[in-house]
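Residue 791 is where the sequence shown starts when you use the numbering used here, and the numbers rise one by one after that.
Just so it is clear, CB atoms sit at the ideal spot from N, CA and C, and this is done for glycine as well.
Structure first, commentary second.
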Amino acid sequence: MQRNRGVIVLSKIYEGQIFHGRSKPKHAMNYPVWFAYLHLDEIEEFCKLSVFCDYRKNNLLSFFEEDFLYGNRNLGSSIRNRIFESSGKKFEGEIFLLTTFRQLGYSMNPISLFYCFNPGNELLYIVADVHNTPWNERHIYVLDVSKGNRVTHVKNFHVSPFMPMNLSYDWDFNLPGDEIKVRIRVLQQNEPVMSARLELKSLPASSQTINRMIFNHTWQSLKTTARIYLNAAALWIKGAKFFPHPKKKRS
């Protein structure tokens, strides 16, 4: 099956590991993952690289804008509006999305990151699109990284039933290149209670790479969901305190 392929100049594929660890109760896990790092103007062309990948059509891999930012199909406009609402500044520049694809129509992205560069190729903002399960809610954090790669802010979105709301997040990013590294420390009264790390290495965006990712990471989306519930079960068994969803508590 032949496809008319455009030129992919800026988008990449990344492969690596996710690490999670918490202190009370002591618990850790890590697992392999792959992500696409997509220039928003190259998404459709990227999806033409492999016969197993499609734009807005179900396939082994597929991309739908509705999976992000509350279902807004114009991702660039939505990101720019979010930045303006948060900072009062208009953003003009290039936007890249670090995310995973639907697999056989199933999507599970606990977090997707939009990297926002000005025309001088300086990284100004990272917009984190966070999704929780089983509540199927999402929240957008606009992180200003123009003055440094570390950002700290209070938590205001329920993600885990084994973490309270009175926490803060300490993010640490690198500049995407040969590697992408993201670290999140969860702090309670300035003391770390949990940490998560994403460590990825770049690969060329090609049909061979995409096909290899499909083979090496079969059912990644379903495995992510399974790991979330298995991790919750392990924490329950270890006696972690349960915190109900703050918006769904019984009166």
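Whole-angstrom C-beta distance between residue j and residue i, which should lie under 8 angstroms
{"i": "V949", "j": "N922", "result": "5 angstroms"}
{"i": "I873", "j": "F853", "result": "The pair is not a contact, with the Cβ atoms about 22 angstroms apart (cut-off 8 angstroms)."}
{"i": "V983", "j": "S813", "result": "6 angstroms"}
C-alpha gap between residue i and residue j, whole angstroms
{"i": "V941", "j": "M953", "result": "20 angstroms"}
{"i": "I901", "j": "A918", "result": "7 angstroms"}
{"i": "G878", "j": "S867", "result": "15 angstroms"}
{"i": "N864", "j": "H1007", "result": "29 angstroms"}
{"i": "F904", "j": "W1026", "result": "33 angstroms"}
{"i": "K838", "j": "A995", "result": "11 angstroms"}
{"i": "R987", "j": "Y1019", "result": "19 angstroms"}
{"i": "N939", "j": "R973", "result": "11 angstroms"}
{"i": "I930", "j": "Y827", "result": "19 angstroms"}
Which of helix, strand or coil DSSP assigns to residue i
{"i": "A1024", "result": "helix"}
{"i": "G910", "result": "coil"}
{"i": "E884", "result": "strand"}
{"i": "F963", "result": "strand"}
{"i": "N1001", "result": "helix"}
{"i": "T942", "result": "strand"}
Same chain, Cβ closer than 7 angstroms to residue i, five either side skipped, listed in chain order
{"i": "K991", "result": "Y804, E805, G806, D968 and E969"}
{"i": "H829", "result": "L800, S801, E884 and F886"}
{"i": "H955", "result": "Looking at the sequence shown, residue 955 is not His but Met. The answer, listed in chain order, is K945, H948 and P1036."}
{"i": "F825", "result": "Y804, L888, T889, T890 and L990"}
Option in the options with minimal Cα separation from residue i
{"i": "K945", "options": "N980, Y896 and E875", "result": "N980"}
{"i": "L851", "options": "I974, L894, S1011 and L965", "result": "L894"}
{"i": "F809", "options": "F1033, I1000, K971 and T1015", "result": "K971"}
{"i": "D831", "options": "N848, D960, I798 and T1015", "result": "I798"}
{"i": "S997", "options": "S840, P982, N911 and G811", "result": "S840"}
{"i": "N871", "options": "C843, D844 and C906", "result": "C906"}
{"i": "L965", "options": "K937, V976 and V823", "result": "K937"}
Residues near residue i in its chain [Cβ-Cβ closer than 6 angstroms; skip 5 each side]
{"i": "N908", "result": "G883 and L914"}
Own chain residues within Cβ distance below 8 angstroms of residue i, not counting five before or after
{"i": "R1017", "result": "M819 and Y821"}
{"i": "L1012", "result": "Q893, Y896 and M898"}
{"i": "V920", "result": "P900, I901, R928, H929, I930, Y931, F947 and V949"}
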